[in-house]
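Working notes, structure below.
Residue numbers (the numbering used here), protein chains in the order written: chain A, 35 to 271; chain B, 142 to 649.
See the structure below:
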């Protein structure tokens with residue numbers, strides 16, 4: 035979720051978003067930039083004839099269609115080789131003004147990129163997250179080692195000596211006004227914590243069948259979404 | 142002298158009449174049994190000879206010939222001991238039975254003359270009654286089971302001598318009587334109840350819908366989340382067995398020899414075969430064909446715990462019986478058909494380590510591993526599950542809470558109501574529940590209004606539902622509407638039905 039917030043706000047403020055067309059944060063960054071009609075660059079770790087991962091083939095062409103750029107240091111016929119991916123990270127950091135780390139496991143490609151950025155004299159930012167989560171450990175270490183801690187896109191823009199402009203920021207309360215009366219109870223209860231349908235039903239004392247039906251409707255309307263644990267959370271962008 | 146005694150043999154789940162023709166004549170002493178007997182019947186010579194002698198009756202040292210008519214079908218089992226022994230005694234003049242044409246004898250003999258119980262008494266007696274037999278003489282242990290058949294005089298016998306005295310009129314044996322109404326009034330004593338499960342409202346609701354529409358159901362969840370516990374309680378909310386259904390279930394259990402209280406089964410069966418089960422044990426068959434687990438689960442529940450651990454081939458054989466609701470076993474000399482109208486409930490882990498998508502433990506499985514694990518269940522089999530739900534472990538806080546949970550009997554009332562609506566609606570189509578709807582009937586009875594149609598379309602785009610989910614969602618929303626007592630399917634019913642297609646969204 036943070037990746038989406040940062041990518042959209044940064045590109046709206048005139049920055050180009052560079053990433054690696056991988057699954058997860060990479061795809062989110064590319065997609066949300068395209069969504070905001072911003073510009074994005076994808077750096078591949080393989081030749082153009084070998085788009086990896088396969089799921090992102092659609093995204094690959096979308097980036098090209100929407101005025102984006104795809105870069106690869108390999109000739110088109112070079113296949114997918116795992117050792118090439120950490121290598122290409124040096125290009126990602128090299129062509130950028132700064133690197134923002136959203137999630138990083140203790141030992142991961144992201145940490146490698148961060149290292150390159152440091153050696154190349156690029157700015158390094160990290161979003162703090164839960165160190166209990168495996169993917170939060172890496173960012174915590176980066177912060178410990180001197181990465182700049184950021185909690186909103188504004189800090190990055192200002193750090194780069196640019197003027198920050200907030201684009202259509204919506205708060206939970208504002209969102210609440212828009213959502214229909216019948217969903218409000220569930221929506222506001224999700225503000226404090228992510229909950230499964232069971233927990234919502236118990237907490238609000240609404241029969242489970244009503245909760246289930248309403249959650250699907252809310253999900254389709256885009257008010258809430260399911261996380262990987264099967265719990266519901268509110269979408270506030 | 143010739144005597145003809147009647148007995149009943151089995152073919153699949155139905156009995157058929159056998160004439161045991163015994164001739165005792167002069168010549169070299171010896172035995173001959175003809176009419177395609179199996180080894181057990183051939184061995185009966187020794188049992189019968191010694192049992193008669195040990196009962197204090199002199200065994201004739203003459204030439205004995207036994208024919209089992211019809212002579213061209215194979216007979217198996219030890220149930221012909223008693224009829225052959227009676228035939229011998231009748232032929233040598235120890236017995237003189239009057240109504241021999243309308244009496245059937247079934248039983249196995251021990252060397253001391255005691256009559257042992259045999260399997261499959263009920264289907265034999267049902268068929269005997271149809272053929273105009275009005276008296277059966279059966280082992281004492283089987284008497285209760287035989288007495289279920291209305292207007293059939295059941296004489297329980299313990300040993301050969303007692304039988305001889307009874308037939309000669311020197312001893313009276315009370316005929317066995319079973320009060321069916323009394324048995325049926327005691328039927329709802331289940332060991333388990335849904336009120337024992339704290340929380341888990343989501344799964345309880347899903348199982349309620351499954352029970353109401355007889356939908357097959359797949360539960361996916363981490364170890365210890367309560368999948369098995371839930372499944373065990375499902376029979377407690379299913380509608381009661383009718384007498385006809387109970388008879389059919391008892392017949393199958395009788396043939397398998399697993400009737401434990403020796404009378405009619407009044408509860409829906411719950412079968413949970415271990416995942417090492419072979420395909421023959423599952424669907425039935427074998428050298429001497431026997432009903433498999435799916436037939437034992439007839440009118441009840443077949444629960445496959447740890448579905449992914451089952452042999453892939455074993456699972457695939459389930460596909461046809463699940464559609465046809467009967468299974469045909471073909472052998473060179475005969476084809477048997479066993480009914481198997483069951484609800485399939487299965488459970489599995491979400492990944493090899495078991496903790497994918499849970500909070501309490503980290504999952505170490507790679508995406509590829511998870512895909513391979515899920516791929517063990519083939520698409521066509523997955524298609525047979527109308528409802529797929531994720532089961533989450535309950536928080537300790539909830540287990541502690543004193544909140545009253547709903548009792549099985551209350552849930553059952555709603556299920557009964559919904560089943561009744563379905564029964565009335567599909568009366569003329571030979572369909573009993575929403576799960577059995579054919580594509581044509583779905584078109585006729587699962588009509589969506591504009592709003593619901595839009596909702597379904599939107600969910601395909603946004604939630605990535607697969608096309609195969611379409612008819613399942615329609616069927617399940619029909620059941621939800623029935624539970625709600627509504628004639629038309631509404632938006633909220635469809636929305637809820639989409640919630641029970643978890644796997645389409647998350648894993649596949």
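Heads up, the beta-carbon is just placed ideally off N, CA and C, and yes, glycines get one too.
Cβ of residue i within 9 Å of any chain A Cβ
| i | result |
| --- | --- |
| residue 620 of chain B | no |
| residue 560 of chain B | no |
| residue 531 of chain B | yes |
| residue 343 of chain B | yes |
| residue 599 of chain B | yes |
| residue 643 of chain B | yes |
Reference residue i; option with closest CA among the options
| i | options | result |
| --- | --- | --- |
| residue 621 of chain B | B/555, B/208, B/598 | B/555 |
| residue 557 of chain B | B/454, B/502, B/349 | B/349 |
| residue 374 of chain B | B/549, B/635, B/561 | B/549 |
| residue 444 of chain B | B/453, B/452, B/434 | B/434 |
| residue 573 of chain B | B/520, B/637, B/482 | B/482 |
| residue 559 of chain B | B/511, B/505, B/353, B/535 | B/353 |
| residue 366 of chain B | B/303, B/446, B/287 | B/446 |
| residue 566 of chain B | B/228, B/587, B/485 | B/587 |
| residue 261 of chain B | B/315, B/148, B/486, B/627 | B/148 |
| residue 471 of chain B | B/299, B/449, B/424 | B/424 |
| residue 80 of chain A | A/164, A/46, A/56, A/158 | A/56 |
| residue 150 of chain B | B/628, B/415, B/214, B/503 | B/214 |
| residue 552 of chain B | B/389, B/490, B/378, B/616 | B/378 |
| residue 136 of chain A | A/91, A/97, A/115, A/63 | A/63 |
| residue 533 of chain B | B/562, B/563, B/370 | B/370 |
| residue 317 of chain B | B/507, B/281, B/197 | B/281 |
| residue 514 of chain B | B/475, B/495, B/413 | B/495 |
| residue 144 of chain A | A/108, A/115, A/114, A/181 | A/181 |
Min CB distance residue i to chain B below 9 Å
| i | result |
| --- | --- |
| residue 254 of chain A | yes |
| residue 244 of chain A | yes |
| residue 50 of chain A | no |
| residue 168 of chain A | yes |
| residue 204 of chain A | Unreliable placement is indicated for residue 204 of chain A, whose pLDDT of 46 sits below 50; the coordinate value is still reported in the next sentence. Not an interface residue. |
| residue 210 of chain A | Because residue 210 of chain A carries a pLDDT of 49, less than 50, the predicted location of this residue cannot be relied on, and no value is offered for it. |
| residue 257 of chain A | no |
Supposed close pair residue i, residue j - CB separation, criterion 8 Å
| i | j | result |
| --- | --- | --- |
| residue 225 of chain B | residue 163 of chain B | 7 Å |
| residue 267 of chain A | residue 215 of chain A | Not quite, the Cβ-Cβ distance comes to about 21 Å (not below 8 Å), so this is no contact. |
| residue 191 of chain A | residue 201 of chain A | Actually they do not touch by this definition, with Cβ atoms about 12 Å apart. |
| residue 492 of chain B | residue 511 of chain B | 5 Å |
| residue 154 of chain B | residue 440 of chain B | About 13 Å; that fails the 8 Å criterion. |
| residue 250 of chain B | residue 256 of chain B | 6 Å |
| residue 84 of chain B | residue 632 of chain B | For residue 84 of chain B there is no data in the structure shown, the boundaries of chain B being 142 and 649. |
| residue 198 of chain B | residue 186 of chain B | Actually they are not in contact, since the Cβ atoms of residue 198 of chain B and residue 186 of chain B sit about 16 Å apart, beyond 8 Å. |
| residue 73 of chain A | residue 93 of chain A | Contact doesn't hold; Cβ gap of about 15 Å is too wide. |
| residue 359 of chain B | residue 487 of chain B | 5 Å |
| residue 203 of chain B | residue 165 of chain B | 5 Å |
Residue range of the beta strand (DSSP E) that includes residue i
| i | result |
| --- | --- |
| residue 260 of chain A | 258-260 |
| residue 401 of chain B | It is not in any beta strand (DSSP E) - residue 401 of chain B carries neither H nor E in the DSSP assignment. |
| residue 480 of chain B | 476-480 |
| residue 116 of chain B | Within the shown structure, residues of chain B are numbered from 142 to 649, placing residue 116 of chain B beyond reach of any answer. |
Amino acids of chain B, ordered along the chain, whose beta-carbon sits closer than 9 Å to that of residue i
| i | result |
| --- | --- |
| residue 232 of chain A | 340, 341, 342, 343, 344, 533, 535, 539 |
Contacts that residue i makes with chain B (C-beta to C-beta distance below 7 Å)
| i | result |
| --- | --- |
| residue 247 of chain A | 633, 636, 637 |
Distance cut-off 8 Å: residue i Cβ against heavy atoms of the ligand HEM
| i | result |
| --- | --- |
| residue 198 of chain A | Looking for the ligand HEM in the displayed structure turns up nothing, as the structure carries no ligands at all. |
Where residue i meets chain A, residues with beta-carbon distance less than 9 Å
| i | result |
| --- | --- |
| residue 596 of chain B | 250, 251, 254 |
Within chain A, partners of residue i - CB distance below 8 Å
| i | result |
| --- | --- |
| residue 499 of chain B | 263 |
| residue 640 of chain B | 231, 246, 247, 249, 250 |
N-terminal and C-terminal residue of the alpha helix (DSSP H) that residue i is part of
| i | result |
| --- | --- |
| residue 144 of chain A | 143-153 |
| residue 462 of chain B | 460-465 |
| residue 635 of chain B | 632-640 |
| residue 224 of chain B | 222-232 |
Chain A residues whose Cβ lies nearer than 7 Å to that of residue i
| i | result |
| --- | --- |
| residue 503 of chain B | 168 |
| residue 603 of chain B | 254 |
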